[in-house]
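Worksheet for the structure shown next.
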Amino acid sequence: MMTASFVHLHVHSEFSLLDGAARIEQLVEKAAELKMPALAITDHANLYGVIPFYKACLDKGIKPIIGMEIYLIDGDLRDRVTRHTKAPYHLTLLAENEQGYKNLIQLSTIAHTEGAQVLPRINRERLKRYANGLIALSGCTEGEINQLLLAGDLEAAKQAAGWYADIFGPQHFYLELQDHGTEQERRLNQRVLRLREATQIPLVVTNNVHYVEKQEAELHDVLLAIGQGVTITDANRARYETEEYYLKSAEEMASLFVYAKEGLQNTLRIAERCRVEIQLDQHILPRFPLSEGVEAEQYLRKICEEGCVKRYGALHAEVLERLDYELSVITGTGFTDYFLIVWDFMKYAHEQGIATGPGRGSAAGSLVAYALSITNVDPLAHNLLFERFLNPERITMPDIDIDFAVERRDEVIHYVADKYGHDRVAQIITFGTLAARAAVRDVGRALGLSLALVDRVAKMIPQSPSMTFNKAFKLNPDLERLTEENRDVAKLIQLGRGLEGLPRHASTHAAGVVISREPLTEYVPLQEGSEGLLLTQFPMDILEQVGLLKMDFLGLRNLTIIQETLKEMNRQGVPLSLDSLPIEDAKSFAMLTRGETTGVFQLESAGIRNVLRDLKPTCLGDIVAVLALYRPGPMEIIPDYIKAKHGKTPVHYAHPDLEAILQETHGFIIYQEQIMQISSKMAGFTLGEADILRRAVGKKKRELLMEQREKFVAGSIAQGYEEQLANEVYDLIVKFADYGFNKAHSVAYAIIAYQMAYLKANHSLAFMASLLSMSIGSQGRIAEYVEEAKRLRLPVLPPCVNASEALFSVEPDKQAIRFGLAAVKNVGYGAIESIVKERVKAPFSDLIDFCSRVDSRLVNRRVIESLIICGALDSLPGHRAQLLLMLDEAMEKGGTRRKEKEAAQLNLFAFTSEASRDDEGNHREKLEYPEVPPFSHIQSLQEEKELLGVYLSGHPLDPYSYLTQHKEVSMIPSLDDLPHQHVVKIVGMITEAKRIQTKKGDPMAFLQVEDKMAQVEVVVFPKIFQLAQTFLYKESIVVIEGRIDRQGDTPKLIANRIWDGKTLPKPQMESVLFIKISPEHERDDALVRLKELFTKHNGLTPVLLYYEQKKQILRLPNEYRVEANTEILEKMKEIVGDECVIQKELPINGGG
0 MMTASFVHLH VHSEFSLLDG AARIEQLVEK AAELKMPALA ITDHANLYGV IPFYKACLDK
60 GIKPIIGMEI YLIDGDLRDR VTRHTKAPYH LTLLAENEQG YKNLIQLSTI AHTEGAQVLP
120 RINRERLKRY ANGLIALSGC TEGEINQLLL AGDLEAAKQA AGWYADIFGP QHFYLELQDH
180 GTEQERRLNQ RVLRLREATQ IPLVVTNNVH YVEKQEAELH DVLLAIGQGV TITDANRARY
240 ETEEYYLKSA EEMASLFVYA KEGLQNTLRI AERCRVEIQL DQHILPRFPL SEGVEAEQYL
300 RKICEEGCVK RYGALHAEVL ERLDYELSVI TGTGFTDYFL IVWDFMKYAH EQGIATGPGR
360 GSAAGSLVAY ALSITNVDPL AHNLLFERFL NPERITMPDI DIDFAVERRD EVIHYVADKY
420 GHDRVAQIIT FGTLAARAAV RDVGRALGLS LALVDRVAKM IPQSPSMTFN KAFKLNPDLE
480 RLTEENRDVA KLIQLGRGLE GLPRHASTHA AGVVISREPL TEYVPLQEGS EGLLLTQFPM
540 DILEQVGLLK MDFLGLRNLT IIQETLKEMN RQGVPLSLDS LPIEDAKSFA MLTRGETTGV
600 FQLESAGIRN VLRDLKPTCL GDIVAVLALY RPGPMEIIPD YIKAKHGKTP VHYAHPDLEA
660 ILQETHGFII YQEQIMQISS KMAGFTLGEA DILRRAVGKK KRELLMEQRE KFVAGSIAQG
720 YEEQLANEVY DLIVKFADYG FNKAHSVAYA IIAYQMAYLK ANHSLAFMAS LLSMSIGSQG
780 RIAEYVEEAK RLRLPVLPPC VNASEALFSV EPDKQAIRFG LAAVKNVGYG AIESIVKERV
840 KAPFSDLIDF CSRVDSRLVN RRVIESLIIC GALDSLPGHR AQLLLMLDEA MEKGGTRRKE
900 KEAAQLNLFA FTSEASRDDE GNHREKLEYP EVPPFSHIQS LQEEKELLGV YLSGHPLDPY
960 SYLTQHKEVS MIPSLDDLPH QHVVKIVGMI TEAKRIQTKK GDPMAFLQVE DKMAQVEVVV
1020 FPKIFQLAQT FLYKESIVVI EGRIDRQGDT PKLIANRIWD GKTLPKPQME SVLFIKISPE
1080 HERDDALVRL KELFTKHNGL TPVLLYYEQK KQILRLPNEY RVEANTEILE KMKEIVGDEC
1140 VIQKELPING GG
């Protein structure tokens, strides 16, 4: 029997979302401090926090009591909830045993599926069905019995109490007493005591815990206001009247309930009876359905052998040996069905034409996965290790993550649900938390602080997933200074810190799917998900602890880009598939060497482009290495790695035996697999043991490092190596453990990067159209990729109702990309479908024709107006200003024509031979366009930018190319890769200018400045503002020199100097021809042939040769000036290649 005098049985943790402020760890810690033998968790209708609570209690030697506070209704769960519907009652439930825990799971699932209307509800019929194994407490003031007692209806309260006592059974229902110092509870408790006398139902005492310490009452109050979307001063909001809803000591509870010692003692009796053991760290794997008599192990071997024959031809010894080994590990660890399940849904995806990635993570190191076409990476060719994926000496659940084409991922998930049962397959919950920045905004709203102040504080906190208040204060001294100076900010930060990290809402994990052998509710509560799928109430890490099989089904837009590019090439009669792509295409690697990787998976950042330019990749292995190296940590060895690759520094191996392992990476350990191979080679470790060493050194725990050093050195000595060498190599392993990357993953993603590079280099038109299509919804990306298309000399034609599809499309005859209608603001897919459906019948001839034929319910005035303004109706008579002016008339006449046509279809004899009717009998009315001036060029550009997200027919900066192309000027996207305080110069247009005053009353400004690719915030302090204020307004063209400030979430520029671009003198320009000379051109007769061409076609255009290897520019003497017409340019391209001939305008006196 428990000896302490009280146990809390009504406790809301942080998982009573936006109501509970008690963090589980803090709750349990406090209970242990108060020497309580047990503690309950009773969150609102959910079991989100049960497993973390259960484990935390066991760690502290406290008995965990699993419970839940439900919302109970009288009627049918299907009855629609209206504002007249009676509020549900509260009821506290505790699991007495495993059956009770399973019934809590069932009740929570029902509440969050069938009963999910406004609140997750349970009705009496379901409660009665799942009452076994549960102990019920009558609840807070919102309980049914308490509501009847407060209404003065003792008889009805007796009946209700009798009903609960009947369904839960003797000693399984208790009348709950609470006292938080409210007058309502004082009155209620007297009536509960009378009810106890009348019914002999036992009492229990609880405190309705919502936070841990008394001083957290204010924090909890703010949390409630956030949840209700109101300020704390709102008189009408729901709130707790007192500050007594904390985890009180046994002494505090005893002093409150001197008159109810029975109720205090019953908390201990109930706690003693509640015995729930939750099985963790087991493997609950589903079974793959097979015909009777077929063994899973035999079937897996059969399909693996068939797959190996397809992959390799005959089963030669190396393949067979590796296959036998992997299968022995898979069957020995009990994961046969796992591989069959993954094989099956991957087979389905391939049969349905759904693009899948070559692999992800360590699974790409498995031959079985390769044979089953789960991955498309040959582990033998790339020297990948199975043990990095599945280690027989440290058995953990296998983890195969799959990339699918983003728009068809859900099809595969639904296939899995259909095959294994919708009650056994679910998506996985994740919790959005109050991160530092979000906490500032939420708390600021609840406190009613000014938006400007809250926004200012929020922007001082860098926006990154792991950002905390503590980190923000270290990174930004201004935040600390403002907190000290401003009382409101101090309060804001204090409360924000208190709420930081609390779960705010539940959502669906982007990739996670769980598959179970039994119905999932045997192990985990569920709730309503999306698109007909259920959602687990436990997040991914908890599901793994429970032992359920989780898989990541990821949507990867790059796979769609690749697939759509291939489809477009096949439509054009160019047979192309991923299997047919050459693996060492010179054109692709030349493009990578130039760093022209916009749109190429994993290789787009300015920093990685610089690495590519220096590295000069020539094979897939180089891309693999770049992806492994370009990360915090290993980045510091990139310069040395590049020097070693190019033979500028000698490659050193600690011992000749390591050369075979490290030769591909020029002596550097950059892959985790290399650590394992070195351990195996030198210390004689099995690869399983080597994987354990790799994990141990990666954790950097002193005792583990020492233990593994002893094993490694001893093993190396036994293998005949000297002790000193063994220690030196172990030191290298420890050093590079921080850098080591999973090679299998790097290879898989390098394959995608190479495929995209190949398609961009060789089929750029189709590639860029697909890239743009997959960027719809992101105006920033579209602007960047349109600019890239222009750089590649691929025309991007404006949207056109007579030519555009929904997505960006290729017009092969024009060798151009046509802008997609779905990328036009205000134009939805329903409207587009209506337009395209009609256009297929015949092109639209004028505005009335257009208005008469499209569905006016979908293609309404706003849609047509947007189409006119962005230029999508330019193919019709009239310019944009005229079309806008006549739109109402056109819609009216179009509507009349449509009605006539509909009437004519009903009456075949309605046609006349009037000259005013067309061949179908419709009135041929025409619009008389008024003489109004067309929009100015700059106005058209602004409208395009607003509706398309990009300047399409030009750019406001075009007249200032002499500034933007200056060698000292940086493009704004490059700022992302430059360090804090780095000085740069940019040229751009001001899109927003906000003038404010400092505390001293001095004027300053915050500007948004954009160039052709991106925008940046520029801070102009008073001194600079005084010099530049006359031209710091919207649409001004400016040249800004400033320092990069990386203290916020995105780089800002602190202006040092600003020039008015419109007043800077325009240099005299000349047309210049750039010809890039590669090492190959130097070796063959390209230079001789060019010289002959220049001599034969002498003209006025200067020629500059750029020697790629030397990075030098040579301006040829005037005698080699050339006639730069289309015919001559084509001849030059035949000699050196299309991408090596560029004509552009440059200032005569340099600067380009």
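If you count by numbering that gives the first Met the number 0, then the sequence shown holds residues 0 to 1151, one letter each, in order. Note that the Cβ used here is the ideal one computed from N, Cα and C, for glycine as well.
Taking C-beta atoms under 8 Å as the contact rule, Gln536 and Leu525 qualify, at a distance of about 6 Å. DSSP places Ala788 outside any beta strand (DSSP E); the residue lies instead in the alpha helix (DSSP H), whose first and last residues are Gln778 to Arg790.
Here Arg896 carries a helix assignment [DSSP, helix/strand/coil]. For Pro1078, the secondary structure class from DSSP, reduced to helix, strand or coil, is helix. The same chain holds no residue with a CB closer than 8 Å to that of Gln941 once the five nearest residues on each side in sequence are set aside.
The closest CA to that of Gly987, considering only Tyr950, Gln1028 and Glu1034, is found on Glu1034. Between the alpha carbons of Pro391 and Asp639 lies a gap of roughly 37 Å. Ranked by how close their Cα comes to the Cα of Asn1055, the residues Lys1061, Met1068, Val1037 and Val1071 have Val1037 in first place. For His209, there is no enclosing alpha helix (DSSP H), as DSSP marks it with neither H nor E. Nearest in C-alpha terms to Ile937, of all of Gly894, Ala889 and Cys869, is Cys869. Just measuring C-alpha positions, the residue of Ala94, Leu90, Thr91 and Asp73 sitting nearest Thr84 is Asp73.
For Leu491, the closest C-alpha among the options Thr664, Glu521, Ala445 and Phe338 is that of Ala445. CA-to-CA, the gap between Glu97 and Glu271 works out to about 15 Å.
Secondary structure of His349 (DSSP, three-state): helix. Uninterrupted alpha helix (DSSP H) stretches at least 4 residues long and entirely within the segment 834–868 occur at 846–852, given in chain order. Look at Asn485 here: in three-state DSSP terms it is coil, with no helix or strand label. If the five residues before and after Ala782 are omitted, its C-beta is found closer than 7 Å to the C-beta atoms of Gly948, Val949 and Met1012, all from its own chain and listed in chain order. Listed in chain order, the alpha helix (DSSP H) elements of length 4 or more contained wholly in the segment 714–758 are 722–736.
If you look at Met459, you'll find it isn't in any beta strand (DSSP E); DSSP assigns it neither H nor E. In the three-state reduction of the DSSP assignment, His878 falls in the coil class, being assigned neither a helical nor a strand state.
Along the length of the segment 679–704, whole alpha helix (DSSP H) runs at least 4 residues long occupy 686–698, reported in chain order. DSSP lists Ile72 as the bridge partner or partners of Asn122.
The segment 392–411 makes contact with the segment 353–367, as at least three CB pairs between them are under 8 Å. Ser808: member of the beta strand (DSSP E) spanning Ser808 to Glu810, first to last residue.
When the five nearest sequence neighbours on each side are left out, the beta carbons in the same chain lying within less than 6 Å of the beta carbon of Asp854 are those of Ser833, in order along the chain. DSSP places Leu553 in the uninterrupted beta strand (DSSP E) bounded by Leu548 to Leu555. Rounded to the nearest whole angstrom, the CA to CA distance from Lys1132 to Cys1139 is 7 Å. DSSP places Arg817 in the strand class (E or B) of the three-state scheme. Assignment of Gly226 by DSSP, reduced to helix, strand and coil, places it in the helix class.
Sorting Leu90, Ile64 and Ser1077 by C-alpha distance to the C-alpha of Glu1107 places Ser1077 at the top. Judged by their CB atoms, Ala760 and Gly714 are not nearer to each other than the 9 Å cut-off. Taking Met1003 as reference, the option from His979, Thr1029 and Val983 with the minimal CA-CA separation is Thr1029. Residue environment: Met890 is assigned as buried (16 or more neighbouring CB atoms within 10 Å of its CB, all protein chains considered). Listed as beta-bridge partners of Ile1141 by DSSP are Phe1073. The C-beta distance from Ile412 to Val512 rounds to 6 Å, short enough to meet the 8 Å contact threshold. Note that the segment 284–302 does not touch the segment 241–258; fewer than 3 beta-carbon pairs, one per stretch, sit closer than 8 Å.
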